[in-house]
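A short write-up of the structure that comes next.
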Amino acid sequence: MNSFFERRYVIAGIFITLLLILLGRLFYIQVIDDRYFLYAQNNVVRRYVQYPARGPILDRTGKIMVQNEPIYDIMVVPKQVKPFDTVEFCKLLGIDKEGFDKRFAKAKVYSPIRASVFEKQLTLQSYAAFQERLSEFQGFYPVQRSVRSYPDSAAAQFLGYIGEVTDAIIKRSGGYYSPGDYVGITGVEKSYETILRGQRGVRNLIYDSHNVPKGSYANGAYDTAAVAGERLISSLDMKIQKLGEKLMQNKVGSIVAIEPSTGEILCYVSSPTYDPNLLVGRERGNNAAKLYKDPYKPFFTRPVQAYYPPGSSFKPLSALIAMQEGVITPQTIYHCPGYYQAGNRRIKCFQGEVHGNVDLASAVAHSCNGYFDMVFEKLVNRRGPRYTDTSFNYWRNNVAKFGLGAKLGLDMPNENRGNLPKAAYYDKIYGEGGWRSSTVISLGIGQGELLATPLQLANIEATIANHGYYYKPHLVKAIGDKKVIKHEYKVRNYVGVDSQYFEPVINGMQSVVDYGTAKGSKIPGIIMCGKTGTAEVRNHKDNSVFVAFAPRDKPKIAIAVVVENSGQGATWAAPIASFIVEQYLRGSISKRPSGISPDYYIEKNLLPEIVLKPADKAKLRADSAKKVKADSIKKHKADSLKQAGLRSAQNNAAKKSSSSELRVSTEYRPELVETGAEGLSQLWFDRLTTTSDFTAVLPKRKDDE
């Protein structure tokens, strides 16, 4: 019996305790904490997200590269909308009734009770007119945002752009982003999104029954201020960046310049480029579609996405590895008869020039193919023909230490690794034991299957300038007011070559500019050490390549220039590089003894002719067919099919006759473009297959400079 009474008291005690907890919670909610009252009164108190200003981006001297301009979006909460004059409403926003219906239906699908964007990016004038009559349109309200503006219209591929979030981005963000929000899509805007975007705030406003705001709820006690994004200090120097873009206008190629002592990228030119202001405003989607369809592909970021045979610019690296491995010394002599005999193959020097007896420095200065073919064979044959693959992989690993064949880890998206073949690649082609050093001899002079990005080429020059190490290349110098620098940018990366071996190579590189292949680009009063390079691209003119650093003592700039389909390295790339170097070191460009001047190179148009491929021609015919009268369409299509069939047979035959040609990139696909403002998004950009038609085929073996 006692047990029964005790159990009853326990149960009663539990109920009383739960009741007290419940009453206490209700008291807290209703009396002490009135946040829930705020939400319950959403018909008179509205919660607005305050969007922070996106962080500005400056160049290394403090010059503004990107700033913000205010714009206004019109938001709608469908459940709160009351009957109103839609004709006047549409006039104010510059839309038609059909556009209104589509927008409103989309908002209801998203949520009838949550705000979503109804109209984007009103101008200040449109916003002012709408604001005057806001009380007439219950359920609609403006939100201020900011868009980017670019005072110098430069460095587009570095800066990238912002665009509207997609469903995939919203999902990945865990709900941080909402429809209508903007996010970095490419470039530094994407890489540093979380730093640039800042922190959102919240503001709670009281509205009367006439939809007129009456001030902050509870004197702003529940508001949180937006925190602006951090500013980024870029490593770029806008003076030489703009000069580089001028020099490369109407050309296809790239310029990358690095400060050897820090790894900071001073110049980052991708050409053709575009005005980044085109991707801002209500026409950004249409502008983006036009840029995407441009056959010269301005969205293709050539400094890190394009890769080329380095040609003779690879020879200094080859010499360094050979000296470190002990197969040559600076005094090693090779007698050049104008060619090098590798098995049953004869590789000529440039234009068959006979160099006679050359040591290392003079071989670099005169770009003697024979000398460096000899060096390559010594490296790959050092263990005998039975162990060609082992020696080759050892050579490859030494080359890889300079940053080839792998991503350097640039603080930007879409970096390419280039191509540094392994022995297994040749085993697959020729069979194990079926190839020798003579089979791949072109690698020794920077041709064959060896491919490097302009960033990698510039980084090699920074390594040579530093006598054996490099700092990780990067485009952001510091973050925020405290100027935080990432630790990884302070680490020296050694390449495994003793510093004593660099002087003989640098002697040769100085001679290249003083009296060798690049003597026309010599800068009065500045010792520049460089190396020209020329690599053939099948069905196009040669690529012009030049790499250099200056001054020789305490170097301040290392540079790589590639001008696609333009000819020899000394003709185009070397002069362009010399102008950039002098402008950076002196702040001006002097008159050259050779007579060259920037104006000539700025005005010269070297854009290669676009040759339409069969698929492109078929598309053009299809577009033309739309204009043909109905009674002639069938005949037109029949003729087109007959011609396409003939071309298909010709193409198949051509493929069979050139089966050794190795494609290293893929076609881009215009049919994937999503046009309109909504299309300028991460999804849209991710679906681009970025490529460069002009570097799409590995070169044939050819005499090099």
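Throughout, the working numbering is defined as the position within the sequence shown, counted from one, plus 1028.
Idealized CB from N, CA, C, for every residue including glycine.
Could you check what DSSP says for residue i in three-state terms: helix, strand or coil?
i	result
residue 1277	coil
residue 1578	strand
residue 1043	helix
residue 1562	strand
residue 1093	strand
residue 1177	strand
residue 1454	helix
residue 1383	coil
residue 1313	helix
residue 1197	helix
residue 1078	strand
residue 1340	helix
residue 1048	helix
residue 1299	strand
residue 1353	coil
residue 1396	coil
residue 1622	coil
residue 1244	strand
residue 1191	strand
residue 1556	coil
residue 1308	coil
residue 1402	helix
residue 1250	coil
residue 1594	coil
residue 1127	helix
residue 1515	helix
residue 993	Here the chain covers residues 1029 to 1733 and nothing more, so residue 993 does not appear.
residue 1265	coil
residue 1616	coil
residue 1168	strand
residue 1345	helix
Where does the unbroken beta strand (DSSP E) through residue i begin, and where does it stop?
i	result
residue 1234	1229–1235
residue 1522	1520–1522
residue 1498	1497–1499
residue 1370	1367–1370
residue 1476	Counting along the chain, residue 1476 falls outside any beta strand (DSSP E), and DSSP gives it neither H nor E.
residue 1588	1585–1591
residue 1260	1260–1262
residue 1375	1373–1376
residue 1427	Unbroken run through residue 1427 is the alpha helix (DSSP H), 1416–1428; no beta strand (DSSP E).
Taking the alpha helix (DSSP H) that residue i belongs to, which residues open and close that run?
i	result
residue 1491	1482–1493
residue 1158	1152–1160
residue 1469	Run containing residue 1469: none; DSSP gives neither H nor E here.
residue 1215	1215–1219
residue 1632	Run containing residue 1632: none; DSSP gives neither H nor E here.
residue 1363	Not the alpha helix (DSSP H): residue 1363 falls in the beta strand (DSSP E), residues 1362–1364.
residue 1332	1330–1333
Buried or exposed: where does residue i fall if 16 or more other Cβ atoms within 10 Å of its Cβ makes it buried?
i	result
residue 1658	Residue placement at residue 1658 cannot be trusted, given a pLDDT of 42 that sits under 50; the coordinates are not used to answer.
residue 1550	buried
residue 1163	exposed
residue 1553	exposed
residue 1100	buried
residue 1489	buried
residue 1363	exposed
residue 1116	exposed
residue 1359	exposed
residue 1628	exposed
residue 1147	buried
residue 1583	buried
residue 1129	exposed
So residue i and residue j are supposed to be a Cβ contact under 8 angstroms. How far apart are they, rounded?
i	j	result
residue 1275	residue 1630	6 angstroms
residue 1608	residue 1283	7 angstroms
residue 1176	residue 1308	6 angstroms
residue 1573	residue 1189	About 30 angstroms separates the two Cβ atoms, so there is no contact after all.
residue 1447	residue 1478	7 angstroms
residue 1575	residue 1485	5 angstroms
Considering only heavy atoms of the ligand FMN, does any lie closer than 7 angstroms to the CB of residue i?
i	result
residue 1487	As presented, the structure is devoid of all ligands, the ligand FMN included, so that no description of it is given.
Is the shortest distance between the beta-carbon of residue i and the beta-carbons of chain C less than 8 angstroms?
i	result
residue 1232	The question asks about chain C, but that chain is absent: this structure has only one protein chain.
Cβ contact check for the segment 1347–1358 and the segment 1369–1385: 3 or more pairs under 8 angstroms:
no
The segment 1421–1436 in contact with the segment 1192–1200 per 3-pair CB rule at 8 angstroms:
no
Would you call the segment 1108–1119 and the segment 1153–1169 touching, i.e. three or more CB-CB distances under 8 angstroms?
yes
Segment contact, 8 angstroms Cβ cut-off, at least three pairs: the segment 1076–1090 with the segment 1249–1261:
yes
Taking contact to mean 3 or more Cβ pairs, one atom from each stretch, closer than 8 angstroms, check whether the segment 1399–1412 and the segment 1434–1451 are in contact.
no
Kindly confirm or deny that the segment 1261–1270 and the segment 1453–1470 touch, where touching means at least three C-beta pairs closer than 8 angstroms.
no
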